[in-house]
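A short write-up of the structure that comes next.
Residue numbers (the numbering used here): 230 to 353.
Right, dumping it as structure tokens:
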């Protein structure tokens, strides 16, 4: 799924996603608060959901809490109905409510601290 891959490339953490191909094609992507936020049957953490329905387009809502009706805080995403996956991911990443800023205490991939005793290889 191209949108999920684009979201992950834009630093969004995905908890889950569903794709339905019935009469009204739709997609739901549940965003996680971070890489350690794993869905759990007993967890009642409310997560933001990115959704697409073929006759409505892109929108977001907050997952319902216990005893609450389906979702709240529905808002349109500033994307066209058939937006490119990278543009959808950029719109989601721009909203810090949906995707928190990356943590600065963790090194970026590939920038981890080198191990003790590491030495560069001599040129060949």
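The beta-carbon is built from N, C-alpha and C at its ideal position, and this holds for glycine as well.
Because the structure is a prediction, the values reported are computed rather than measured.
Problem set entry | Cβ-Cβ distance between residue 288 and residue 315 below 8 angstroms | no
Exercise. Got a sec, what are the start and stop residues for the beta strand (DSSP E) residue 258 sits in?
Worked result: 255-261
For this session: Report all residues from its chain with a CB closer than 7 angstroms to the CB of residue 276; omit the five preceding and five following residues, and keep chain order.
Result: 244, 259, 260, 261 and 292
For this session: Report yes if the C-beta distance between residue 241 and residue 319 is below 8 angstroms; otherwise report no.
Result: no
Problem set entry | Cut-off 6 angstroms between Cβ atoms - residues of its own chain near residue 254, not counting five sequence neighbours on either side | 283
Problem set entry | Top-ranked residue by Cα proximity to residue 235, from 285, 312 and 326 | 312
For this session: Quick one: using the 10 Å Cβ neighbour count with 16 as the cut-off for buried, is residue 374 buried or exposed?
Result: Since the displayed the chain opens at 230 and closes at 353, residue 374 lies outside it and no answer follows.
Problem set entry | residue 328 to residue 351 span [Cα, whole Å] | 42 angstroms
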